[in-house]
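**Student:** Oh and the sequence shown: position 434 is 434 in the UniProt record's numbering, straight run, nothing missing.
The structure that follows is given in the form of structure tokens.
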Amino acid sequence: MATQAKRRRVAGPVGGGDAAPDPVAGFLSWCRQVGLELSPKVSVSRQGTVAGYGMVARESVQPGELLFAVPRAALLSQHTCSIGGLLERERGALQSQSGWVPLLLALLHELQAPASPWSPYFALWPELGRLEHPMFWPEEERRRLLQGTGVPEAVEKDLANIRSEYYSIVLPFMEAHPDLFSPRVRSLELYRQLVALVMAYRIFIGTKNKTLRGISSVPSLNYIHGEALPKRDLIFLGLASEGPGPSFSLPPQNCLRMVATQLIPKGHEIFNTYGQMANWQLIHMYGFAEPYPDNTDDTADIQMVTVREAALQGTKVEAERLLLYERWDFLCKLEMVGEEGAFVIGREEVLTEEELTTTLKVLCMPAEEFREFKDQDGWGDNKREEDSLTITNIPKLKASWRQLLRDSVLLTLQTYATDLKSEQDLLSNEVYTRLSWREQQALQVRYGQKMILHQLLELTS
Numbered sequence: 001m002a003t004q005a006k007r008r009r010v011a012g013p014v015g016g017g018d019a020a021p022d023p024v025a026g027f028l029s030w031c032r033q034v035g036l037e038l039s040p041k042v043s044v045s046r047q048g049t050v051a052g053y054g055m056v057a058r059e060s061v062q063p064g065e066l067l068f069a070v071p072r073a074a075l076l077s078q079h080t081c082s083i084g085g086l087l088e089r090e091r092g093a094l095q096s097q098s099g100w101v102p103l104l105l106a107l108l109h110e111l112q113a114p115a116s117p118w119s120p121y122f123a124l125w126p127e128l129g130r131l132e133h134p135m136f137w138p139e140e141e142r143r144r145l146l147q148g149t150g151v152p153e154a155v156e157k158d159l160a161n162i163r164s165e166y167y168s169i170v171l172p173f174m175e176a177h178p179d180l181f182s183p184r185v186r187s188l189e190l191y192r193q194l195v196a197l198v199m200a201y202r203i204f205i206g207t208k209n210k211t212l213r214g215i216s217s218v219p220s221l222n223y224i225h226g227e228a229l230p231k232r233d234l235i236f237l238g239l240a241s242e243g244p245g246p247s248f249s250l251p252p253q254n255c256l257r258m259v260a261t262q263l264i265p266k267g268h269e270i271f272n273t274y275g276q277m278a279n280w281q282l283i284h285m286y287g288f289a290e291p292y293p294d295n296t297d298d299t300a301d302i303q304m305v306t307v308r309e310a311a312l313q314g315t316k317v318e319a320e321r322l323l324l325y326e327r328w329d330f331l332c333k334l335e336m337v338g339e340e341g342a343f344v345i346g347r348e349e350v351l352t353e354e355e356l357t358t359t360l361k362v363l364c365m366p367a368e369e370f371r372e373f374k375d376q377d378g379w380g381d382n383k384r385e386e387d388s389l390t391i392t393n394i395p396k397l398k399a400s401w402r403q404l405l406r407d408s409v410l411l412t413l414q415t416y417a418t419d420l421k422s423e424q425d426l427l428s429n430e431v432y433t434r435l436s437w438r439e440q441q442a443l444q445v446r447y448g449q450k451m452i453l454h455q456l457l458e459l460t461s
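Next comes the structure, spelled out in structure tokens:
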């Protein structure tokens with residue numbers, strides 16, 4: 001996987017000049033100019049890395065040692081860019097569902113500015129036209145390769161939101177300020193590419209009191225990010241603070257500091273963490289998946305409405321169907337289910353245990369017991385140990401629970417275009433090596449999910 005993950009990088013997607021002869025030298029010179037402190041024990045290089053430019057340990061690094069410190073002024077954000085004052089004044093008009101519009105406008109402006117202070121930083125960016133996120137795949141290919149995984153649906157929502165955000169907020173703002181945004185950056189495609197980049201590289205700058213201070217792009221952080229690497233190898237973390245998403249605090253000296261979390265031997269590439277993410281999330285956000293069975297955080301989803309559909313299969317008369325819908329409405333009232341929700345199953349645990357336990361209980365309990373349960377609003381019910389939904393305890397569940405869960409798994413497996421045997425055949429012979437990058441990554445996503453679902457079938461048999 002490492003060799004396949006390599007990608008070309010270019011000076012910048014919309015810059016007017018040629019790339020510098022040595023982008024790394026230019027970047028390091030810029031670091032010195034802005035006061036970005038880089039440990040003498042590390043270097044930014046293409047040598048010894050698996051995905052273009054990276055950060056490599058020149059000497060062994062001990063846990064707790066500083067890797068780099070970035071002054072606040074060097075963080076690329078809506079506050080530090082050259083149009084920061086305008087973005088602040090227009091903050092109300094730039095509000096959006098994603099919350100990223102000000103940062104994206106800052107990027108759009110700085111990318112086309114000939115004298116942007118961040119030009120040396122842009123010179124080491126990945127080539128935007130070669131991003132492998134599924135949002136850039138043709139729709140037919142995305143649906144064919146990722147059907148059943150949940151990725152096509154997530155991408156369609158992303159694309160709809162990006163398009164709406166661009167045409168309702170971003171483009172009108174750029175057209176209102178033609179002196180700040182040249183026609184070549186007024187592009188929905190470029191905006192989509194920057195969204196993908198921000199989705200992969202963004203950090204939240206927070207404080208101890210949970211006040212969100214903004215979203216930034218951090219120059220040095222990108223080169224320890226490992227954009228196409230298995231997260232099991234990612235051994236770096238920043239100083240986390242309270243707040244949504246991955247966040248880093250600004251210490252009193254007003255800079256972001258990155259430190260090692262474990263020993264890094266000399267010559268090893270240094271990586272930031274992606275966090276605990278399933279393969280479908282990794283391919284959605286970063287354009288790659290981990291090969292089975294490396295991703296211990298992989299999950300499979302059973303759509304909540306699929307459990308309802310499985311339960312409906314067991315009804316024989318209209319009265320039973322009406323009662324089942326009454327049970328479902330009650331579960332909605334308890335906020336245990338929703339039309340677009342999913343039960344998340346990991347390799348060793350059910351991540352939505354309370355929701356799935358309550359759903360199986362309510363849909364399977366006798367009618368009189370349900371009436372009593374409903375009258376009590378579902379609360380005060382003592383959970384029995386045998387009702388636990390840890391993976392190892394599933395075989396001990398009531399027979400009716402196991403059957404409903406099994407029927408739900410079978411319906412879920414029908415949403416994929418291929419079966420597990422077909423996937424195993426692809427993985428176990430030389431055909432796999434002839435698959436395209438996208439086909440290989442999609443196969444790993446599908447296979448990991450199906451292995452979890454088939455484990456459930458065995459446990460519920």
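For each residue, glycine too, the CB sits at the ideal point set by N, CA and C.
Out of 300, 316 and 338, state which residue places its alpha-carbon closest to the alpha-carbon of residue 457.
**Tutor:** Checked all of 300, 316 and 338; the closest Cα to residue 457 is 300.
**Student:** Contact criterion: CB-CB distance below 9 Å. Does residue 158 meet it with respect to chain B?
**Tutor:** No chain B is part of this structure, which consists of one protein chain only.
**Student:** Can you tell me the Cβ-Cβ gap for residue 284 and residue 134, rounded? I've got them flagged as a contact below 8 Å.
**Tutor:** About 6 Å separates the two Cβ atoms, so the contact holds.
**Student:** Leaving out five residues on either side along the sequence, give the residues of the same chain with a beta carbon under 6 Å from the beta carbon of residue 287.
**Tutor:** So the list reads 132 and 133, once near-sequence residues are dropped.
**Student:** Can you give the Cα-Cα distance for residue 255 and residue 444, rounded to whole angstroms?
**Tutor:** About 39 Å.
**Student:** For a quick check, are the C-beta atoms of residue 45 and residue 24 less than 9 Å apart?
**Tutor:** Yes, Cβ-Cβ distance for residue 45 and residue 24 is below 9 Å.
**Student:** Using only alpha-carbon positions, find the residue among 29, 459, 175 and 411 that is nearest to residue 397.
**Tutor:** With distances taken between Cα atoms, residue 397 lies closest to 459.
**Student:** Pick helix, strand or coil for residue 257, following the three-state DSSP scheme.
**Tutor:** Of the three classes helix, strand and coil, the one that applies to residue 257 here is strand, per DSSP.
**Student:** Alpha carbon to alpha carbon, what distance is there between residue 108 and residue 430?
**Tutor:** Straight-line Cα distance between these residues: approximately 44 Å.
**Student:** Quick one: what does DSSP say residue 429 is sitting in, helix, strand or coil?
**Tutor:** The answer is coil: DSSP assigns residue 429 none of H, G, I, E or B.
**Student:** Could you check if residue 317 is buried or exposed, using at least 16 other CB atoms within 10 Å of its CB as the buried criterion?
**Tutor:** Exposed, since its Cβ has fewer than 16 Cβ neighbours within 10 Å.
**Student:** Mind checking who residue 295 pairs with in its DSSP beta bridge?
**Tutor:** Residue 295 pairs with nothing; no bridge assigned.
**Student:** Can you give the Cα-Cα distance for residue 360 and residue 404, rounded to whole angstroms?
**Tutor:** Each residue's Cα considered, the two are about 7 Å apart.
**Student:** With three or more C-beta pairs closer than 8 Å as the rule, is the segment 25 to 34 touching the segment 106 to 126?
**Tutor:** Enough Cβ pairs lie closer than 8 Å, so yes.
**Student:** Can you round the beta-carbon distance between residue 78 and residue 184 to whole angstroms, since I take them to be within the 8 Å contact cut?
**Tutor:** That belief does not hold up - the Cβ atoms of residue 78 and residue 184 are roughly 21 Å apart, past 8 Å.
**Student:** If distances are taken between C-alpha atoms only, which option among 115, 49, 118 and 157 comes closest to residue 340?
**Tutor:** Residue 340 has its Cα closest to that of 157, out of 115, 49, 118 and 157.
**Student:** Is it right to say residue 392 is buried, meaning 16 or more other beta carbons lie within 10 angstroms of its own, or is it exposed?
**Tutor:** Residue 392 should be labelled exposed.
**Student:** Here's a check: name, in chain order, each residue in its chain whose Cβ is nearer than 6 Å to the Cβ of residue 333, leaving out the five neighbours to either side.
**Tutor:** Within the same chain, residue 333 has no close Cβ partners at all.
**Student:** Taking the alpha carbon of residue 171 as the reference point, which residue from 105, 152, 261 and 336 has its own alpha carbon closest?
**Tutor:** When each option's Cα is compared against that of residue 171, the closest is 105.
**Student:** So, for residue 165: in the same chain, excluding its five sequence neighbours on each side, which residues have a beta-carbon less than 6 Å away from its beta-carbon?
**Tutor:** Taken in chain order, the residues that qualify are 96.
**Student:** Return the first residue and the last residue of the beta strand (DSSP E) that residue 178 is part of.
**Tutor:** Per DSSP, residue 178 belongs to no beta strand (DSSP E) and is neither H nor E.
**Student:** Bridge partners of residue 329, per DSSP?
**Tutor:** DSSP, once it has assigned bridges, lists no residue as partnering residue 329.
**Student:** Given this structure, state the Cα-to-Cα distance separating residue 83 from residue 36, to the nearest angstrom.
**Tutor:** Approximately 22 Å between the Cα atoms of the pair.
**Student:** State the CB to CB distance for the pair residue 351 and residue 409, rounded to an integer number of angstroms; the pair is presumed to be in contact (CB under 8 Å).
**Tutor:** The pair is not a contact, with the Cβ atoms about 16 Å apart (cut-off 8 Å).
**Student:** Under 8 Å by Cβ, that's how I've got residue 149 and residue 449 pegged, so tell me the actual separation to the nearest angstrom.
**Tutor:** About 6 Å separates the two Cβ atoms, so the contact holds.
**Student:** Mind checking residue 421: buried by the 16 CB within 10 Å criterion, or exposed?
**Tutor:** Residue 421 is exposed by the Cβ-count criterion.
**Student:** Under the three-state reduction of DSSP, which class applies to residue 439: helix, strand or coil?
**Tutor:** Residue 439: helix per DSSP, three-state reduction.
**Student:** DSSP puts residue 38 in a beta bridge; with which residues?
**Tutor:** DSSP output for residue 38 lists 68 as bridge partner(s).
**Student:** The beta strand (DSSP E) that contains residue 345, what's its start and end?
**Tutor:** That run of the beta strand (DSSP E) goes 342 to 346.
**Student:** Taking all protein chains shown into account, do 16 or more other C-beta atoms lie within 10 angstroms of the C-beta of residue 168, making it buried, or fewer, making it exposed?
**Tutor:** Looking at its Cβ environment, which holds fewer than 16 other Cβ atoms inside 10 Å, residue 168 is exposed.
**Student:** Could you name the residues of the same chain whose beta carbon sits closer than 8 Å to that of residue 312, not counting the 5 residues immediately before and after it, in chain order?
**Tutor:** For residue 312, where only same-chain residues beyond five positions count, the Cβ hits under 8 Å are 321 and 324.
**Student:** Judging by CA-CA distance, which residue of 68, 63, 62 and 64 is the nearest neighbour of residue 55?
**Tutor:** The shortest Cα separation from residue 55 among 68, 63, 62 and 64 belongs to 68.
**Student:** Per DSSP, which one or two residues make a beta bridge with residue 55?
**Tutor:** Residue 55 pairs with 44 and 270.
**Student:** Determine the closest residue to residue 258 out of 34, 58, 63 and 279, with distance taken between C-alpha atoms.
**Tutor:** Residue 63 is the option with its Cα nearest to residue 258.
**Student:** Is it buried or exposed for residue 306, if we count other Cβ within 10 angstroms and need 16 for buried?
**Tutor:** The residue is buried, with at least 16 neighbouring Cβ atoms inside 10 Å.
**Student:** Nearest by alpha-carbon distance to residue 189: which of 178, 137 and 177 is it?
**Tutor:** Among 178, 137 and 177, the Cα nearest to that of residue 189 is on 137.
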